[in-house]
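A.B. asks: If you scroll down you'll find the structure; I have some questions about it.
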Amino acid sequence: MRLAELGEFGLIDRIKKNVAASPSVLLGIGDDAAALVPAPGCVTLITCDMLLEAVHFDLSFCDPESLGRKSLSVNLSDLAAMGAHPRQFLLGIALPKEVPIEFMDRFMGGILEQAERFGATLVGGDTCASKGGLAISITALGEQRPELVLKRNGARPGDLICLTGTVGDAAAGLEALRRGMRDGFLVSRQLDPTPRVAAGVALAEGRLATAMIDVSDGVLGDLGHIREMSGVGAKLELARLPLSDEYLAFCPDDPYALALTGGEDYELLFCIDPGKRSEVEALFARLDLRLSVIGEITAVQETTLVTPDGGAYAPGRGGFDHFG
Ligand SMILES: Nc1ncnc2c1ncn2[C@@H]1O[C@H](COP(=O)(O)OP(=O)(O)OP(=O)(O)O)[C@@H](O)[C@H]1O
Ligand SMILES: Cc1ncc(C[n+]2csc(CCOP(=O)(O)O)c2C)c(N)n1
Ligand SMILES: [Mg+2]
Numbered sequence: 001m002r003l004a005e006l007g008e009f010g011l012i013d014r015i016k017k018n019v020a021a022s023p024s025v026l027l028g029i030g031d032d033a034a035a036l037v038p039a040p041g042c043v044t045l046i047t048c049d050m051l052l053e054a055v056h057f058d059l060s061f062c063d064p065e066s067l068g069r070k071s072l073s074v075n076l077s078d079l080a081a082m083g084a085h086p087r088q089f090l091l092g093i094a095l096p097k098e099v100p101i102e103f104m105d106r107f108m109g110g111i112l113e114q115a116e117r118f119g120a121t122l123v124g125g126d127t128c129a130s131k132g133g134l135a136i137s138i139t140a141l142g143e144q145r146p147e148l149v150l151k152r153n154g155a156r157p158g159d160l161i162c163l164t165g166t167v168g169d170a171a172a173g174l175e176a177l178r179r180g181m182r183d184g185f186l187v188s189r190q191l192d193p194t195p196r197v198a199a200g201v202a203l204a205e206g207r208l209a210t211a212m213i214d215v216s217d218g219v220l221g222d223l224g225h226i227r228e229m230s231g232v233g234a235k236l237e238l239a240r241l242p243l244s245d246e247y248l249a250f251c252p253d254d255p256y257a258l259a260l261t262g263g264e265d266y267e268l269l270f271c272i273d274p275g276k277r278s279e280v281e282a283l284f285a286r287l288d289l290r291l292s293v294i295g296e297i298t299a300v301q302e303t304t305l306v307t308p309d310g311g312a313y314a315p316g317r318g319g320f321d322h323f324g
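Next comes the structure, spelled out in structure tokens:
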């Protein structure tokens, strides 16, 4: 069947049939607006990220399930960066008429699989035809107690700068896809990132971090946001950047460029008081997630990058900028 036969409302019904009920949803898909039940004592965190064909993804090298998962993951990553529990989300989608229904079914399969994994319920959205490419816009809602919400402005001189996981993989994966590779670790890090929800929530609820952000635009750019909002500087030791073996094999000449500026790793970058270091290490051992201390917050408002031999490193560019 083609989209023209199913129609807009047939497509919405098809989506609705696969959405499970949730106690936090009084009214979901079907009315003019959804009605949600807030958890007592919590504030709502709300965030929105778009994924556009040719800007964020290329249909010649991404499968619909991964695209569905990634569309939700990038939003869950923003909730994780605030220390929030994911709760609900809205899905806006603009579809070229010729997109096969099978593509939509597989895309929705990916979204709803990721939603179930992270405890988020689809409560509504908007569907329209696109005369350009495919466009996806997700608005995700999460909850946390107000005093635990983690912001970008709390970093203080002397704090340790930490990262989850490894960085640079997603940018290397994009380059690998452009060179014709279609699978492997780097490709999966580009097409199907994992939002660090459990780590973000645990850091907030343990009052372990002073500031946090997710790495969507690259370590340098996103650390820059923490620096600006906190009014501090940073010293990074490049030897401590967490780089995967696959990444190092892909970028043997300059292993730092993509790791610092590539973006889309969706790891968490956060600052901690040095007195909390052993508690944070114990948390990450429990989560079975790699933790790296990559530098220190300083009082002088600049970013210093120190090479393994103690020299200064000048990055070729800053973080990802849509208009840069
Ligand atoms: N068009 C807009 N109108 C109003 N606020 C916006 C708009 N675009 C971005 N913002 C706000 O600006 C802030 C920074 O947005 P930005 O998109 O850089 O953050 P992010 O979602 O963490 O990054 P990324 O999009 O790379 O994942 C957020 O508070 C966001 O809500
Ligand atoms: C086809 C294709 N072209 C380019 C890229 C690279 N890219 C797109 S958006 C972005 C930063 C985060 O976006 P945002 O700030 O909108 O969240 C990056 C690094 C890609 N993934 N696919
Ligand atoms: Mg973010």
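Taking full-length UniProt numbering, the leading residue of the sequence shown gets 1, the next gets one more, and so forth.
We treat Cβ as the ideally placed atom computed from N, Cα and C, and that holds for glycine.
Just confirm the distance between the C-beta atoms of Asp73 and Pro195, as a whole number of angstroms; I'd bet it's less than 8 Å.
C.D. replies: Translated into the one-based positions of the sequence shown, residue 73 becomes position 73. Translated into the one-based positions of the sequence shown, residue 195 becomes position 195. According to the sequence provided, residue 73 is Ser. The question's Asp does not apply to it. The pair is a contact, with the Cβ atoms about 5 Å apart (cut-off 8 Å).
A.B. asks: Let me check you understand the geometry: is the CB of Asp159 closer than 6 Å to at least one non-hydrogen atom of ligand 1?
C.D. replies: As a position in the sequence shown, residue 159 is number 159, starting the count at 1. False, no ligand heavy atom lies under 6 Å from that Cβ.
A.B. asks: In this structure, does DSSP put His85 in helix, strand or coil?
C.D. replies: Counting from one through the sequence shown, the residue named residue 85 turns up at place 85. Three-state result, His85: strand.
A.B. asks: Span of the alpha helix (DSSP H) holding Lys131?
C.D. replies: Taking the sequence shown and counting its residues from 1, one reaches residue 131 at position 131. No alpha helix (DSSP H) contains Lys131, which DSSP labels as neither H nor E.
A.B. asks: Determine the direct distance from the alpha carbon of Tyr247 to that of Leu3, and round the result to whole angstroms.
C.D. replies: Position 3 of the sequence shown, counting from 1, holds the residue named residue 3. Position 247 of the sequence shown, counting from 1, holds the residue named residue 247. If you take the alpha carbons of Leu3 and Tyr247, they lie about 40 Å apart.
A.B. asks: Just reading off the beta strand (DSSP E) that Lys235 is part of, what are its end residues?
C.D. replies: On the sequence shown, residue 235 is found 235 positions in, with the first residue counted as 1. Gly233 to Glu237 is the extent of the beta strand (DSSP E) around Lys235.
A.B. asks: Based on Cα-Cα distance, which residue from Val25, Leu238, Leu208 and Thr127 lies nearest to residue 327?
C.D. replies: Here the chain comprises residues numbered 1 to 324, so residue 327 is not present and cannot be evaluated.
A.B. asks: Which residue wins for smallest C-alpha separation from His56, given the options Ala170, Ile29 and Met108?
C.D. replies: Translated into positions along the sequence shown, residue 56 becomes position 56. Among Ala170, Ile29 and Met108, the Cα nearest to that of His56 is on Ala170.
A.B. asks: Evaluate contact between the segment 277-285 and the segment 222-237, counting only Cβ atoms and requiring at least three cross-stretch pairs below 8 Å.
C.D. replies: No: fewer than three Cβ pairs fall under 8 Å.
A.B. asks: Please state whether DSSP places Ala257 in a helix, a strand or coil.
C.D. replies: Within the sequence shown, numbered from 1, the residue matching residue 257 stands at position 257. It is helical.
A.B. asks: Using only CA atoms, which one of Phe9, Glu98 and Gln88 lies nearest to Gly28?
C.D. replies: The sequence position of residue 28 within the sequence shown is 28, counting from 1. The residue with the shortest Cα to Cα distance from Gly28 is Gln88.
A.B. asks: Mind checking which residues open and close the beta strand (DSSP E) that includes Ala209?
C.D. replies: Reading the sequence shown from its first residue, position 209 is the one you call residue 209. That residue, Ala209, is in no beta strand (DSSP E); it is neither H nor E in DSSP.
A.B. asks: Is the separation between the beta-carbon of Ala34 and that of Val123 shorter than 7 Å?
C.D. replies: Walking along the sequence shown from the start, residue 34 turns up at place 34. Walking along the sequence shown from the start, residue 123 turns up at place 123. Yes. Within cutoff.
A.B. asks: With a cut-off of 7 Å, does the C-beta of Arg189 fall near any C-beta of chain B?
C.D. replies: Structure shown: chain B not included; a single protein chain is present.
A.B. asks: Would the C-beta of Leu174 count as close to ligand 2, meaning under 6 Å from any of its heavy atoms?
C.D. replies: On the sequence shown, position 174 is the one that residue 174 refers to. Checking the Cβ of Leu174 against ligand 2 gives yes.
A.B. asks: Please determine whether the Cβ atom of Asp245 lies at a distance below 6 Å from any heavy atom of ligand 1.
C.D. replies: Locating residue 245 in the sequence shown gives position 245, counting from the first residue. Checking the Cβ of Asp245 against ligand 1 gives no.
A.B. asks: Nearest to Thr303 by CA position, among Pro255, Asp321 and Val219, is which residue?
C.D. replies: Taking the sequence shown and counting its residues from 1, one reaches residue 303 at position 303. With distances taken between Cα atoms, Thr303 lies closest to Val219.
A.B. asks: Mind checking whether the beta-carbon of Ala81 lies closer than 6 Å to any heavy atom of ligand 3?
C.D. replies: As a first step, residue 81 is located in the sequence shown; it is residue number 81 there, counting from the start. Within the cutoff, so yes.
A.B. asks: Compute the distance between the beta-carbons of Met229 and Ala81, then report whether it is under 7 Å.
C.D. replies: Counted from its first residue, the sequence shown places residue 229 at position 229. Counted from its first residue, the sequence shown places residue 81 at position 81. It is not a contact, given that the beta carbons lie outside the stated cut-off.
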